[in-house]
Amino acid sequence: MTTATKKHAHLLGFIQHGVNSHATGMWRHARDKVEWNFARPEYWQHMARTMERGLFDAMFIADELAPYNTHEDSSDAIVKWAVQCPTHEPSTIVPIITGATKHLGVGVTLSTAFEHPYSMCRRLSSLDHLSSGRVAWNIVSSYSKSEWDAYGQPMTDRSGRYERLEEYMELCYKLWDSWEPGAIIADKESGIYADPDKVKVVSHEGKYYKCNGRHFCAPSPQGRPVLWQAGSSGQGRDFAAKHAEAIFAVHPNVERMKGYAADLNERLSGTYNRAPGSVKLIYGLQTVVAETRSEAQEKYERIRACIPPEGALAWMSGHFGLDFSKFAPDAIVQNIEVPGIQGLFDSIIYAKGGAPVTVKEAAMIYAQGMGMPVAVGTAADIADQIEHYMDEGGADGFMLAATYTPGCFEEFVDLVVPELQRRGRMRTRYQGATLRENLLEH
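Here the sequence shown is numbered in full-length UniProt numbering, starting from 1 and rising by one per residue.
Right, here's the structure in full:
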């Protein structure tokens, strides 16, 4: 494979708008947020500029709507150990991030569960305007009991959730596509700003949603945000194959990655008449890089030492909707059925190549980075793994899970990005004006 034919890696920084992201306990790491405050704009401006310096496609903001309350039927452990808590609303930092950069996109996780499509479309169109077309929407429907409890609503049955989500997207598309080309006239002499005949009134009366009104925003630079999905179940994969432009998936090894890529491409071409490979596959990856392997291993052990066991168990319980405190620490997770995100639970089941994984082990694995693979070593070692996942696993890029911030991203940009560029695996400049254009690069 020549440098000219090598696939470039698309990179995204995976974080939350909170004190701690996806490696539990990092807030107490000696190198976490030194002289930075996550609640202040300066922190996000610096993170954004660091990722843009590394030519990342985007910063990707994960979210949940309330502290998990599955562990011991309480959110006490979540609060006590800062398990993604406190977490601030994700879309509020989008203008800060894009205002500090010229090219970096932002993927924002927004739930459809408690917001009408009309206001969702208005918010996303507004953000796309403010960012000059650099916004993606990670479409989620709220899986956690705590979210439904916080909003005072009974949790919907999972079997009907995708039917509801399909109608949600149908109405979003109607709203985003309701302004025709040439609708805006802006004739100062006549005083006519827009032609009402070219701005459709969206009349929708469905099983779950009703709407009768015009989209309140003129078309944004991308028309609609880049649509992102993380569907892992059979229904979730179908939804992603139908709607998504990029997919975030967590698989612990290259065999699972390869299987996922084959399955998704079959759904794309066989069911939805979309070209295989037309949806970018972005796999989760956590990295710990240093000048030497021994130094990287020491850094990795310090990261693991920060994880509180009870906090780890509480997060796993919340994410999968099952109180794992009721199981013995040495119980085997392969023998346990979970009501929550089964596809993500597979990342734990196969964390040791299919060998038995205990509840205690599973909690620590999940609390470090949701079961995604961890690359520990020099820049060359990590570049080797990235190339392996791309060439053998079908990855188009990677969601880089945060450890201590902003240091983990500074180190990746300073050490790993130049190595990937040297191998012809990374862009050396942005070519597109919008997030969609950059994401579609080879």
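Every residue, glycine too, gets a C-beta built ideally from N, C-alpha and C. Since this is a predicted model, take the numbers as computed values, not measurements.
Span of the beta strand (DSSP E), counted from its first residue to its last, around residue i
| i | result |
| --- | --- |
| HIS204 | 202 to 205 |
| ASN212 | 210 to 213 |
| ILE192 | 192 to 194 |
Spatial neighbours of residue i in its chain, beta-carbon cut-off 7 Å, leaving aside the 5 residues before and after
| i | result |
| --- | --- |
| ALA262 | none |
| ALA9 | ILE386, MET390, GLY397, PHE398, LEU420, ARG425 and MET426 |
| MET155 | LYS145 and TRP148 |
| VAL254 | HIS388, TYR389, GLU392 and GLY393 |
| ALA244 | LEU227, TRP228, GLN229 and VAL279 |
| HIS204 | LEU171, LYS174, LYS210 and CYS211 |
| LYS299 | VAL288 and ALA290 |
| ILE282 | HIS10, LEU12, ALA246, ILE247, PHE248, ASP396, GLY397, PHE398 and MET399 |
| PHE56 | LEU11, LEU12, GLY13 and LEU104 |
| ALA351 | PRO252, VAL357, ILE365 and GLY371 |
| PRO219 | TRP179 |
| ALA150 | LEU65 and ALA66 |
Sheet register partners of residue i (DSSP bridge)
| i | result |
| --- | --- |
| VAL199 | TRP179 |
| CYS121 | For CYS121, which the question treats as bridged, DSSP gives no partner whatsoever. |
| TRP228 | ASN138 and ALA246 |
| VAL357 | Beta-bridge pairing links VAL357 to no other residue. |
| HIS129 | HIS129 pairs with nothing; no bridge assigned. |
| THR87 | GLY18 |
| GLY107 | PHE60 and ALA136 |
| LEU440 | Note: LEU440 sits in no beta bridge, so no partner. |
| LEU11 | PHE398 |
| ALA375 | THR287 |
Residue i: first and last residue of the uninterrupted alpha helix (DSSP H) it sits in
| i | result |
| --- | --- |
| TRP148 | 145 to 150 |
| GLN385 | 379 to 393 |
| ALA305 | 293 to 305 |
| ILE78 | 76 to 80 |
| ILE185 | Unbroken run through ILE185 is the beta strand (DSSP E), 184 to 187; no alpha helix (DSSP H). |
| ALA314 | 309 to 320 |
| ILE336 | Taken as a continuous stretch (DSSP letters only), ILE336 belongs to no alpha helix (DSSP H), as it is neither H nor E. |
| PRO154 | It is not in any alpha helix (DSSP H) - PRO154 carries neither H nor E in the DSSP assignment. |
| GLY99 | 94 to 99 |
Contacting residues, own chain, Cβ-Cβ under 8 Å from residue i (five flanking each side not counted)
| i | result |
| --- | --- |
| SER317 | TYR68, THR70, HIS71, ASP323, PHE324 and SER325 |
| ILE307 | ALA23, THR24, GLY25, MET364, ALA367 and GLN368 |
| LEU344 | SER232, VAL250, HIS319, PHE320, MET370 and GLY371 |
| GLY311 | THR24, GLY25, ALA77, ILE78, LYS80, TRP81, ALA82, VAL83 and ALA367 |
| residue 528 | It is not possible to answer for residue 528, since the shown part of the chain is limited to 1 through 442. |
| SER269 | ALA275 and PRO276 |
| ALA379 | VAL289, LEU415, VAL416, PRO418 and GLU419 |
| VAL338 | PHE320, GLY321, LEU322 and PHE345 |
| PHE409 | GLY13, MET47, THR50, MET51, GLY54, LEU400 and ALA402 |
| PRO406 | LYS33, TRP36, TYR43, HIS46, MET47 and THR50 |
Neighbourhood of residue i by C-beta, 6 Å cutoff - its chain only, sequence neighbours within 5 removed
| i | result |
| --- | --- |
| ALA183 | ALA194, ASP195, LYS198 and VAL199 |
| GLY377 | ARG293 and ALA296 |
| ARG164 | TYR208 |
| LEU175 | CYS121, VAL202 and HIS215 |
| TYR272 | ALA241 and LYS242 |
| LYS360 | PRO329 |
| ALA375 | THR287, ILE382 and GLN385 |
| ILE303 | THR403 |
Proximity of residue i and residue j at Cβ, strictly below 8 Å
| i | j | result |
| --- | --- | --- |
| LEU65 | SER132 | no |
| ALA383 | VAL416 | yes |
| LYS258 | GLY394 | yes |
| ALA230 | ILE247 | yes |
| ALA48 | PHE14 | no |
| ARG134 | THR358 | no |
| HIS29 | THR87 | no |
| ALA362 | ILE348 | yes |
| LEU124 | PRO225 | yes |
| ALA58 | LEU104 | yes |
| LEU400 | LEU12 | yes |
| THR92 | LEU130 | no |
| ASP32 | TYR404 | yes |
| TYR143 | GLN235 | no |
| ARG256 | ASP238 | no |
| PRO95 | THR109 | no |
| ALA100 | GLN45 | yes |
| TRP27 | ASN37 | no |
Item checked: Secondary structure, alpha helix (DSSP H): runs of 4+ residues fully inside the region 15 to 67 -> 41 to 53
Note to self: To test your reading of the DSSP string, which unbroken beta strand (DSSP E) runs of 3 or more residues are found completely within the region 244 to 285?
What the structure shows: 246 to 249
Next item on the list: Please go through the region 399 to 431 and give each complete alpha helix (DSSP H) segment of 4 or more residues, from N-terminal end onward.
Entry: 407 to 411 and 417 to 422
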